[in-house]
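Input: a single structure, listed below in structure tokens.
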Amino acid sequence: MCQHQPHCPPHEAADHDAARTVACHPEQGWSLLCNGVVVFEDTGELLPDGGIVVPHRPTDLPVR
Ligand SMILES: [Zn+2]
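For the sequence shown, the working numbering assigns the number 64 to the last residue and increments by one with no breaks.
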């Protein structure tokens with residue numbers, strides 16, 4: 001299903017964030033990656049197998 005070269009990392013890969021963005025909805029605060037992962041603007045992620053990744057926003061930046 002991935003048409004990119006090189007192929008995007010699968011959602012189960014540790015670097016799945018590196019997949020290409022195929023749909024971006026900043027007004028709704030999420031984007032869909034080529035490997036099916038939905039990334040939210042708070043850096044939380046929803047995996048296509050139903051798993052979630054809690055927000056992992058860098059903590060070394062000042063909180064606004
Ligand atoms: Zn791809």
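Ideal Cβ positions, reconstructed from N, Cα and C, are used throughout, including at glycine.
Small disclaimer: the values here were computed from a predicted structure and weren't measured.
> Should alanine 19 be counted as a contact of ligand 1 given a C-beta to heavy atom distance under 7 Å?
Replying inline: Here residue 19 is taken as the residue at index 19 of the sequence shown, counted from 1. It does: the Cβ of alanine 19 is within 7 Å (strictly closer) of some heavy atom of ligand 1.
- prompt: Do glutamine 28 and ligand 1 come close, with the Cβ less than 7 Å from some heavy atom?
  reply: As a working note, residue 28 is residue 28 in the sequence shown. Not one heavy atom of ligand 1 falls within 7 Å of the beta-carbon of glutamine 28.
- DSSP three-state assignment for histidine 25, whether helix, strand or coil: Numbered from its first residue, the sequence shown carries residue 25 at position 25. Strand.
Within 7 Å: the Cβ of cysteine 24 and any heavy atom of ligand 1? Numbered from 1 along the sequence shown, position 24 holds the residue referred to as residue 24. It does not: the Cβ of cysteine 24 is nowhere closer than 7 Å to a heavy atom of ligand 1.
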